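From first to last, the protein sequence lines stand for chains S and W.
For what it's worth, the working numbering labels the leading residue of the first sequence as 106, then goes sequentially.
For what it's worth, the working numbering labels the leading residue of the second sequence as 106, then goes sequentially.
Glycine included, every Cβ here is placed at the ideal spot set by N, Cα and C.
Note that the structure is a prediction, hence the values are computed from the model and not measured.
Below: one structure, written as C-alpha cells.
There are 2 protein chains.
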Amino acid sequence: MPHAPCPNPNASGGCAGCRVRLISVCAVLAPDELLALEAMAGDTAFAAKETLFIQGEDADAVYTITAGMARLYKLLPDGRRQIVGFALPGDFLGLAMRERYGFSADAVEPIVACRFSRSAYSAFVDARPHLLRRLHEFATHELTLAQDQMMLLGRRTAEEKLVSFLLHMRDRWARLGRASVTVPLPMSRQDIADFLGLTIETVSRTFTKLAKDKAIAIVPDGVRLMNLERLETLAAA
Amino acid sequence: MPHAPCPNPNASGGCAGCRVRLISVCAVLAPDELLALEAMAGDTAFAAKETLFIQGEDADAVYTITAGMARLYKLLPDGRRQIVGFALPGDFLGLAMRERYGFSADAVEPIVACRFSRSAYSAFVDARPHLLRRLHEFATHELTLAQDQMMLLGRRTAEEKLVSFLLHMRDRWARLGRASVTVPLPMSRQDIADFLGLTIETVSRTFTKLAKDKAIAIVPDGVRLMNLERLETLAAA
DNA sequence: GAGGGGCATTGATCCGCGTCAACGTCCGGC
DNA sequence: GCCGGACGTTGACGCGGATCAATGCCCCTC
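Structure (C-alpha cells):
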C-alpha cells in the first residue's frame, strides 16, 4: 500500500521531466503520448519491505520503478526462495502482461514507482506498436539476462557467482550514471544468497575471502572493487 | 549446413498447410500474409548434432522448428556447458532479434526448420504489429519459463530437478498432441545433466532410484511415468 | 546508555553431489 | 558375428557448500 508522504520525483514536470524516462520503456513516446500516459499514471511510494504484488495474484497493475530497488522472487511451498531479479530505476515490472503475476515483488529499500492499471496500459500499448516494440526489446533483454543467470546458477562456483554478481551490479549502476568502483548493495546478504543459489553463510564467507585477497573491500551498504583485473578473471573462468 | 535430401514437411500446402502453424508464431497471420511469408521462407534440414548457429555469431537468420528437437546452450571458456532450453516443433529461435546470437543451437536429432533472413523477417514484423504482439507473448512465455528454471537450478535438489524436468517434458509433448505417460527423451544424459545443473552420474543414479521406487520405468529413448501422484508430490515439495 | 532485535560473521561438522574409475550395453561397420 | 566406440550405469571416495551453533555488531527504542 502507498505510504502517506509520497516524495514523487516526477511531481514537477510530469512524465516529460521524469528522471528515468530516457532509460525506461517511456523513452520511445512522443510528447503528446507522454501527456496521455501521464493521465493514466499514479505515482506510488513503498516503504522498505513493503509488497508491490504477490505471485499468483490478479495482475491488475504494471509499474516502472523511478527510485529505489525491488526484489523479484518465487517461493516454494516449503519456504525456499529464489530471487529472479533486482529491479532498479527505469525497470519495468509487468512485461508478461498476463492475468496473474508470475513472481512476487517487494521493496528492498524505499521505492517510488509509476503505476498503471494493466487494462489501461494494455490498451495504450495496443494502439502504439512502437511502444510494443520497446517492450519486446525489454523482454528479450530480460530473457538474455535470465539465460546468463541460468549459466551462473547451474555451472558456476560460489566465488564465481559472487564476483559475477558484483560486476553485474556495477554495470547496472553505471548505466544509471553512478559508475564507480564502489558498488552499492542495498539488499541483505540473504537476498544475495537467494539470488545466487547459495546460503547466507557461504555468501558471507566468500565476501570475507575476497576481502582477505584484497580483491574487494567491504564498506557500509556495499563493496569497493579493489582489483578489477583479478575480479574479471575470476568471473570469466 | 542443410543436408541434401530435405524432407520438407511443408512442401505440400506451403505455410497454410504447415503442421506447426497453429502453435507457432505464424498462427496470427492472415492467408495473404502467409503467402508473403512463404516467399521469404527457406526450409532447411539439419542432421543430428549439426549446428544451427553459434553464440556470438552474426544473427543473420531466425528459425521456426517444424520437426525434431534442438538444444540451446551457453559455454564457459573452460568448457562448462549450460543448456538453456530444448526447442521443439513450433518453437521460434531468434526472439531477441539482436545483432548476435545469445546462445548456440544444435540438433539433438534430425531437424527440419523454417528459416528466414533476420533482416527480411524484421521488416516483415515491423509492418505487422499483431505479429510483434505474438512474438512478445512468446518472449514473455520464455521469460516465465526461464524464471522457473532459475528456481529449479538455484533451490531444488537433484531428485526434484529430474522429476520437474520429466513432468515439464510430458506437458510439452502433450501440447504437441503427443500426450502419454511415456515421455520421449531424445537428448542424451549429458544434455539432461547440463540442463539441470547436475553431472551425468547424478542424473543416471537419480533415474535408477526413481525406477527402483517404481515412480518411473526407463524405456528406450524415454521414461514411462508409473506413479504420477508421487512424481507430482516430489516436484511440488 | 542499557536493552534488544535483526543482520552478519565465524567456526565445527555434515552430507549431497561431484569426481574418478571400472564396467556394461547398445549399435553400426566391415 | 566380431570389433570398436559412444553412451550409460554403478561403486568408492572426496569436497564444496549446507547445516548447526555461537558470537559479534549495529542501530533503534526507551
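Chain S contact residues for residue i, given Cβ-Cβ distances below 7 Å
i: W:PRO234; result: PRO234, LEU237
i: W:ARG254; result: Checking the displayed sequence, the identity of residue 254 of chain W turns out to be Gln instead of Arg. Within chain S, the residues near W:GLN254 are MET255.
Within-8 Å CB hit, residue i to chain W
i: S:ASP183; result: yes
i: S:HIS273; result: no
i: S:LYS154; result: no
i: S:GLN295; result: no
i: S:PHE208; result: yes
i: S:LYS179; result: yes
i: S:GLY302; result: yes
Residue nearest to residue i in terms of C-alpha spacing, selected from the options
i: S:ILE216; options: S:ASP137, S:ASP148, S:THR304, S:ILE305; result: S:ASP148
i: S:ALA340; options: W:LEU181, W:ARG186, W:GLU306, W:GLU204; result: W:LEU181
i: S:VAL189; options: S:ASP326, S:GLN160, S:LYS154, S:CYS120; result: S:GLN160
i: S:ASP211; options: S:ILE170, S:ARG238, S:LEU250, S:ASP318; result: S:ILE170
i: W:LEU257; options: W:SER269, W:GLU337, W:HIS246; result: W:SER269
i: S:THR311; options: S:VAL324, S:ARG277, S:THR262; result: S:THR262
i: W:ARG220; options: W:LEU198, W:PHE208, W:ARG203, W:VAL213; result: W:LEU198
i: S:CYS120; options: S:GLU143, S:ARG275, S:ARG335, S:GLU162; result: S:GLU143
i: S:ARG294; options: S:LEU250, S:THR287, S:ARG176, S:ALA279; result: S:ARG176
i: W:PRO325; options: W:VAL288, W:VAL133, W:GLY173, W:GLU155; result: W:VAL288
i: W:GLU214; options: W:ARG223, W:TYR206, W:PHE191; result: W:PHE191
i: W:ASP163; options: W:ARG186, W:LEU134, W:SER224, W:SER129; result: W:SER224
i: S:SER129; options: S:GLU264, S:ARG239, S:GLY259, S:HIS273; result: S:ARG239
i: W:LYS266; options: W:ILE323, W:PHE229, W:ASP183, W:SER309; result: W:SER309
i: W:ALA152; options: W:THR304, W:ALA279, W:ALA172, W:LEU140; result: W:ALA172
i: W:CYS123; options: W:THR156, W:ARG185, W:ALA218, W:GLY184; result: W:ALA218
i: W:VAL167; options: W:ALA232, W:GLY259, W:LEU200; result: W:LEU200
i: S:LEU193; options: S:GLU264, S:LEU139, S:ARG203, S:ALA279; result: S:ALA279
i: S:TYR226; options: S:ASP137, S:GLY327, S:MET331, S:MET145; result: S:MET145
Backbone secondary structure at residue i - three-state DSSP
i: W:CYS120; result: helix
i: S:ARG87; result: The shown model of chain S, from 106 to 342, leaves out residue 87 of chain S, and the question about it has no answer.
i: W:ASP137; result: helix
i: S:ALA218; result: strand
i: S:VAL308; result: helix
i: S:ALA212; result: strand
i: S:VAL130; result: helix
i: W:LEU330; result: strand
i: W:ALA341; result: helix
i: W:ALA320; result: coil
i: S:LEU303; result: coil
i: S:GLU143; result: helix
i: S:PRO110; result: With a pLDDT of 39 at S:PRO110, under the threshold of 50, the modelled position of this residue cannot be trusted; read the value that follows with caution. Looking at S:PRO110 - three-state DSSP - the assignment turns out to be coil, as it is neither helix nor strand.
Residues that residue i contacts on chain W, provided the C-beta gap is smaller than 7 Å
i: S:ALA341; result: PRO182
Under 8 Å by beta carbon: chain W residues contacting residue i
i: S:PHE377; result: For chain S, the structure presents residues 106 to 342; residue 377 of chain S sits outside this window and is missing.
i: S:GLU247; result: LEU248
Test: residue i CB closer than 8 Å to a CB of chain S
i: W:ASP133; result: Before going further, note that residue 133 of chain W is Val rather than Asp in the sequence given. No - not a single Cβ of chain S is within 8 Å of the one on W:VAL133.
i: W:VAL308; result: no
i: W:GLY161; result: no
i: W:ARG260; result: yes
i: W:GLY195; result: no
Interface residues of chain S facing residue i [CB-CB closer than 8 Å]
i: W:VAL189; result: GLN252, MET255, MET256
Closer than 9 Å at the beta carbon, the chain S residues around residue i
i: W:LEU200; result: HIS241, ALA244, THR245, LEU248
i: W:GLY122; result: Near W:GLY122 there are no residues of chain S at all, since even the closest Cβ is about 29 Å away, more than 9 Å.
(request) Run through the region 147–207 of chain S for me and flag every whole beta strand (DSSP E) of 3 or more residues, listed as ranges in chain order. (result) Segments of the beta strand (DSSP E) lying fully in the region 147–207 of chain S: 147–151, 156–158, 166–172, 175–180, 186–192.
(request) Only counting runs of 3 or more residues, tell me where the beta strand (DSSP E) segments fall wholly within the region 245–298 of chain S, in order along the chain. (result) Counting whole runs of 3 or more residues, the region 245–298 of chain S contains the beta strand (DSSP E) stretches 287–289.
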